[in-house]
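In what follows, a single structure is set out as structure tokens and then discussed.
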Amino acid sequence: MKRRRKLGRGVAVVGVGMTPFNVYKDKDSKDLFVEAFKEMLVSVDKGVDPKDIDALYLGNFTSDFFVHQGHWGPIISDILGLSPIPATRTEGACASSALAFREGVFAVASGFYDIVLVGGVEEMSKRTTEEVAEGLGLALAPYEMQVGFTFPAVFGALATAYFAKYGASREHLMNVTIKSHNNAPLNPRAQFKLTIADLMNQKRENAKKKGEPLPTWKDEKDFLRDPKANPPVAWPMNLYDCCPISDGASCALLVAEDIARDFTDDPLYVVGLGQGSGKGLHAAKDLTCFEATRNAAQEAYGMSGLKPEDIQFAEVHDCFSIAEIIHMEDLGFFKPGEAYKAVENGLTRLDGPIPINTSGGLKCKGHPVGATGVAQLEELWEQLRGKAGKRQIPNKNLRIGGAHNLGGTGGTCTFTILERR
Amino acid sequence: MKRRRKLGRGVAVVGVGMTPFNVYKDKDSKDLFVEAFKEMLVSVDKGVDPKDIDALYLGNFTSDFFVHQGHWGPIISDILGLSPIPATRTEGACASSALAFREGVFAVASGFYDIVLVGGVEEMSKRTTEEVAEGLGLALAPYEMQVGFTFPAVFGALATAYFAKYGASREHLMNVTIKSHNNAPLNPRAQFKLTIADLMNQKRENAKKKGEPLPTWKDEKDFLRDPKANPPVAWPMNLYDCCPISDGASCALLVAEDIARDFTDDPLYVVGLGQGSGKGLHAAKDLTCFEATRNAAQEAYGMSGLKPEDIQFAEVHDCFSIAEIIHMEDLGFFKPGEAYKAVENGLTRLDGPIPINTSGGLKCKGHPVGATGVAQLEELWEQLRGKAGKRQIPNKNLRIGGAHNLGGTGGTCTFTILERR
Amino acid sequence: MENRAFSDVSYKQFLNEDKLMGCKCKGCGALYLPPRPICIECYSSDMEWVEMKGKGKLAAFTAIYVGPPSMVAEGFNRKNPYCVGVVEFEEGVKIDARIEGLDTKNPETIKVGMPLTAKFLHRTEGENMKTFLAFEA
Amino acid sequence: MENRAFSDVSYKQFLNEDKLMGCKCKGCGALYLPPRPICIECYSSDMEWVEMKGKGKLAAFTAIYVGPPSMVAEGFNRKNPYCVGVVEFEEGVKIDARIEGLDTKNPETIKVGMPLTAKFLHRTEGENMKTFLAFEA
Ligand SMILES: [Zn+2]
Ligand SMILES: [Zn+2]
Chain W
1 MKRRRKLGRG
11 VAVVGVGMTP
21 FNVYKDKDSK
31 DLFVEAFKEM
41 LVSVDKGVDP
51 KDIDALYLGN
61 FTSDFFVHQG
71 HWGPIISDIL
81 GLSPIPATRT
91 EGACASSALA
101 FREGVFAVAS
111 GFYDIVLVGG
121 VEEMSKRTTE
131 EVAEGLGLAL
141 APYEMQVGFT
151 FPAVFGALAT
161 AYFAKYGASR
171 EHLMNVTIKS
181 HNNAPLNPRA
191 QFKLTIADLM
201 NQKRENAKKK
211 GEPLPTWKDE
221 KDFLRDPKAN
231 PPVAWPMNLY
241 DCCPISDGAS
251 CALLVAEDIA
261 RDFTDDPLYV
271 VGLGQGSGKG
281 LHAAKDLTCF
291 EATRNAAQEA
301 YGMSGLKPED
311 IQFAEVHDCF
321 SIAEIIHMED
331 LGFFKPGEAY
341 KAVENGLTRL
351 DGPIPINTSG
361 GLKCKGHPVG
371 ATGVAQLEEL
381 WEQLRGKAGK
391 RQIPNKNLRI
401 GGAHNLGGTG
411 GTCTFTILER
421 R
Chain H
1001 MKRRRKLGRG
1011 VAVVGVGMTP
1021 FNVYKDKDSK
1031 DLFVEAFKEM
1041 LVSVDKGVDP
1051 KDIDALYLGN
1061 FTSDFFVHQG
1071 HWGPIISDIL
1081 GLSPIPATRT
1091 EGACASSALA
1101 FREGVFAVAS
1111 GFYDIVLVGG
1121 VEEMSKRTTE
1131 EVAEGLGLAL
1141 APYEMQVGFT
1151 FPAVFGALAT
1161 AYFAKYGASR
1171 EHLMNVTIKS
1181 HNNAPLNPRA
1191 QFKLTIADLM
1201 NQKRENAKKK
1211 GEPLPTWKDE
1221 KDFLRDPKAN
1231 PPVAWPMNLY
1241 DCCPISDGAS
1251 CALLVAEDIA
1261 RDFTDDPLYV
1271 VGLGQGSGKG
1281 LHAAKDLTCF
1291 EATRNAAQEA
1301 YGMSGLKPED
1311 IQFAEVHDCF
1321 SIAEIIHMED
1331 LGFFKPGEAY
1341 KAVENGLTRL
1351 DGPIPINTSG
1361 GLKCKGHPVG
1371 ATGVAQLEEL
1381 WEQLRGKAGK
1391 RQIPNKNLRI
1401 GGAHNLGGTG
1411 GTCTFTILER
1421 R
Chain Y
2001 MENRAFSDVS
2011 YKQFLNEDKL
2021 MGCKCKGCGA
2031 LYLPPRPICI
2041 ECYSSDMEWV
2051 EMKGKGKLAA
2061 FTAIYVGPPS
2071 MVAEGFNRKN
2081 PYCVGVVEFE
2091 EGVKIDARIE
2101 GLDTKNPETI
2111 KVGMPLTAKF
2121 LHRTEGENMK
2131 TFLAFEA
Chain C
3001 MENRAFSDVS
3011 YKQFLNEDKL
3021 MGCKCKGCGA
3031 LYLPPRPICI
3041 ECYSSDMEWV
3051 EMKGKGKLAA
3061 FTAIYVGPPS
3071 MVAEGFNRKN
3081 PYCVGVVEFE
3091 EGVKIDARIE
3101 GLDTKNPETI
3111 KVGMPLTAKF
3121 LHRTEGENMK
3131 TFLAFEA
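First to last, the protein sequences are chains W, H, Y and C.
1 is the number of the first residue of the first sequence in the numbering used here; add one for each residue after it.
1001 is the number of the first residue of the second sequence in the numbering used here; add one for each residue after it.
2001 is the number of the first residue of the third sequence in the numbering used here; add one for each residue after it.
3001 is the number of the first residue of the fourth sequence in the numbering used here; add one for each residue after it.
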């Protein structure tokens, strides 16, 4: 029987920064991280002297493969002027920077450091789609790649298992896509800022200009059903079920709770921290859940003493539409087999009882894989501090948010709970 | 002014395991790590139930590139039967598993976990020498690879700067090689178990058998001077200045100090922990030292309250002969410009006042890069507990040992001090 | 057979011999495919080889329209999608595999739960034979 | 020129134009090559471009007998080793570079401290020009 997890010393987030997620042809990983870092410096209400930063944790997944450069910890500490402080890279596929965040928390909680910079970066758009697919495929479980699985294919397969068990269908996944696209235009840092309705209008206008026959879509689902507009990638994952290829960087400044007020009068406290590992499809006991997410949730709820119903909003790793649905169940927001109905009923909309992916999610905000985990926390920061602008959650008493990050085919999952006091 | 670093909760090593380092054509990374893990389980005097392990930290550098498989944390936690516990990969080039060790220490010291498995693995020998060179080159600083530097070349260049500043020469480097080769035959896990004298005899015997003219080397240095026996790789780094290509795995079990005696009556305590980052050759202020190692030493001495003269023996990252010399100066064992004389005078021999690389070092024990950091700690474990057999240091009061691990061209360096009480 | 390590290397050697070999924990009876060196239920390392009969049913699947370079080289693309899935054997273990003989252009017709039979696809790569496990309806 | 970002992209563009451009911190005067977006002495981001004169001396070097595939393709090998090193400019900054015109088969003849002059090696890769910085004695 394992004891309840607790940190010996509390840790707070006192600053965050990120680049808009996008395609950056003239910027490399260093340029992107510098941009996020500068934004973070500005975000610290009472300021921070870079000389006082004790250590750096950096999440990155694919740079060895895509940029033919590994060992990014010291490259980033150097470009920021932080060398010779310790600089450690963590890799957990698309959860790499959530791991960096977690190690930063441990480093401060251990008492060894007081002020730690954590973040992530990924530079993907300079590769072809096939190269990106191959690179991301490095995070598939060993037997999956060998038989021809791709990432969309893994989630496609999970979707068929979920459909068969719970009676859901592609129509239900479309609700996830439509919701993400509704939130994204409200986020200035999102890669895709159009709703599905906007996209339909845009395509109608284009057809008109070219003198082509006008599309006859009745509504958004009709558009998403059209295989010309939304072609299959790995059925039932079609184009609009999948997140894009993105570049970007994100970072956050962590400090010990006892000194947090030296940096801001409004710190966010790390109240829940959870992580888990999974086995890949063939060894999973149940193909309609992620044991790694369940373990992460159990750790984070255990540490915080909170229950799923205490989480007021969350960023949930939606690399593919089905992922958002399954993870919301694993995190306890909805019972198994109920999340797809909850989305259908609008419960996860910006104005619903538990808004999910107010940022637009990976689907629309973008997914520079190593940067995603900390960027999710940046969304919690903006929402909890009431700075989310047009996408601010209309809850006057917003206090507790969660961020769930996944790597691989469920190999690494994390859940982090931040609280504003 | 930064405060002195301290852990809020002490951490002890209560078990270690490693594969012999070698070329394994029929074993993959999973097989190797399982072997190290089983040895670790046996090493825990009072036993450990794998179910009680809270988390895994795994160091690995090149598998994305060499084995086309990333995301090794969950692969290893799965094969050991540890899933769904958190499994985090750290990457700091050839210091990857020293980083895993450090994160394991922080995770326990933070109070979050009690029992953490840390380790490293690397599978290199299935690639050609050119592929290995290219893969390791991913850890060179960005501008180095572009102009044609290789790893031996970086250390060759540092050697020329050191020679010019301090009057050392290749002859002095040969002393390092000869010493490592003298220690290795005493280590059953070493990849190369022959002294230079053994090698010379072997080559003489071969020549005799083939009816070729007998080599006329006068002594070991004469052999090492012979460009046919010891050809240049990146002058002044010749073949015998360089560590080999190896496969292997290593692991250690870390527990909170307050429960260490549940596992053994003879735990080793983590008294010093240090890490630093460097900038690459072009931005280094001084080409005859590593600022990352100096920072690591400062952190570790600061935490422990120890001085260099308190370190009774050490494993020092000797990927190339010159590296051992420079690092010994950075760690404070000798003054700048003095280490090469110390080696010449036998001070670092097994029976000298500060034995260095009693294991045979990376040069002879082997260097499966991601496994090296924790394997160095395994050598400290054997020496401190008096289990090093024929290579046991003849010091009746052995209490404090250090392990120094380097990644890249000085990008990441760590220094860890273990104490037996 | 008894002396082979419970590893991926052995598993692949067996596939080359048209044998689908898993292993069974002598401690608790848990069955594993591919073989495991350590039982994840009871941590025993005492394993024995078990040959699978090769009969199972589809647990999850997908029809892939955009494949990796290696599958594109085999002639698969938007107009010729391929199917991969997870198959659950009668013995209770699951495996990832290529699924053949299905109407991949109409994936709605493919059903979770369909019965399938294993087969071995041999390929020569350089001097080495490499065998892929596949299934057909 | 003033509007280019202080980045590797700009640095490489300048090399294509036969210009060796570093940058200087307007806050504290620190000089950087390649350019940096943040001063590592005073953390200012206020930089200006500075062209380097291209004169320096050898700070460290090596003669490479076993090179990576790309250098082997250029004809370098055990019989034809190539030299790379670190060069310190008169302005005080250092750079990694290829060093040409030295007797690489007799590296004992090459001396730290030797004066060197920068030159630009242009290569066409696909549609793009790529320029390498080199030095010669
Ligand atoms: Zn068992
Ligand atoms: Zn300045």
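For glycine and all other residues, C-beta sits at the position ideal for the given N, C-alpha and C.
Computed from a predicted model, the values in this text were never measured in an experiment.
T1195 (chain H) does not reach chain W, its nearest Cβ partner there being about 34 Å away, counting only Cβ pairs nearer than 9 Å. Here the alpha carbons of C1242 (chain H) and I1393 (chain H) stand approximately 25 Å from one another. If you draw a straight line from the Cα of E378 (chain W) to the Cα of G1280 (chain H), it comes to about 32 Å. Ordered by chain, the residues meeting the criterion of a beta-carbon within less than 5 Å of a non-hydrogen atom of ligand 1 are Y:C2025, Y:G2027, Y:C2028, Y:A2030, Y:C2039, Y:E2041, Y:C2042, Y:S2044.
Using a Cβ distance threshold of 7 Å, V1121 (chain H) and A1252 (chain H) do not count as a contacting pair.
Here the alpha carbons of R1294 (chain H) and A1284 (chain H) stand approximately 13 Å from one another. If you look at Y143 (chain W), you'll find it isn't in any beta strand (DSSP E); it sits in the alpha helix (DSSP H) that goes 142–146. By the Cβ criterion, the stretch 85–105 of chain W is not in contact with the stretch 382–401 of chain W, since fewer than three pairs of Cβ atoms, one from each stretch, lie closer than 8 Å. Using a C-beta cut-off of 8 Å, the stretch 1200–1210 of chain H makes no contact with the stretch 1404–1414 of chain H, since fewer than three inter-stretch Cβ pairs fall below that distance. Taking 3 residues as the shortest admissible run, the stretch 176–238 of chain W contains the following complete beta strand (DSSP E) segments, listed from N- to C-terminal end: 232–235. Neighbours of I2040 (chain Y) across chain H, judged by C-beta separation under 9 Å: D1078, I1079, L1080, G1081, L1082, S1083. In this structure, DSSP gives K2026 (chain Y) a state outside helix and strand, which the three-state scheme calls coil. Taken through DSSP and simplified to helix, strand or coil, I259 (chain W) comes out as helix.
Distance from the CA atom of A292 (chain W) to the CA atom of R1089 (chain H), rounded to whole angstroms, is 15 Å.
Of the residues assessed, S1169 (chain H) falls on the exposed side of the cut-off, its CB having fewer than 16 other CB atoms within 10 angstroms. Contact between the stretch 1253–1267 of chain H and the stretch 1036–1046 of chain H is present: 3 or more CB-CB pairs across the two stretches fall below 8 Å. Counted as a single uninterrupted DSSP element, the beta strand (DSSP E) harbouring Q1275 (chain H) occupies residues 1268–1277.
The beta carbons of E1123 (chain H) and V1067 (chain H) sit closer together than 7 Å.
In terms of beta-carbon proximity, H317 (chain W) stays away from the interface with chain Y, with every pair separated by 7 Å or more. Looking at the backbone, the Cα of G360 (chain W) and that of V316 (chain W) are separated by about 10 Å. At a C-beta separation below 9 Å, K38 (chain W) has these neighbours in chain C: P3037, I3038, S3045. When DSSP states are grouped into helix, strand and coil, E419 (chain W) belongs to the strand group. Taking all protein chains in view, the Cβ of V2093 (chain Y) is crowded by 16 or more other Cβ atoms within 10 Å, so the residue is classified as buried. At a cut-off of 7 Å between beta carbons, V2009 (chain Y) contacts chain H. In this structure, V1374 (chain H) lies away from G1010 (chain H), with their beta-carbon atoms at least 7 Å apart.
Of the other Cβ atoms in all chains shown, 16 or more fall within 10 Å of the Cβ of D3096 (chain C); this residue is therefore buried. Counting every other CB atom within 10 Å of its CB across the protein chains shown gives G3126 (chain C) a total below 16, marking it as exposed.
Contact with chain C is absent for H1172 (chain H), since none of that chain's Cβ atoms lies less than 7 Å from the residue's Cβ. DSSP places K3012 (chain C) inside the alpha helix (DSSP H), whose first and last residues are 3008–3016.
With its beta carbon less than 7 Å from one in chain H, F3061 (chain C) belongs to the interface.
Within 7 Å of the CB of F149 (chain W), the CB atoms of chain Y belong to V2084, D2096, in sequence order along the chain.
Close CB contacts of D1064 (chain H) within its chain, under the 8 Å cut and outside five residues either way in sequence, are with G1070 (chain order). Of the candidates C:R3123, C:T3131, C:Y3065, C:Y3065 places its Cα closest to the Cα of E1130 (chain H). In the three-state DSSP reduction, R1294 (chain H) falls in the helix class (H, G or I). A straight line joining the alpha-carbon of P2034 (chain Y) with that of Y2011 (chain Y) spans about 7 Å.
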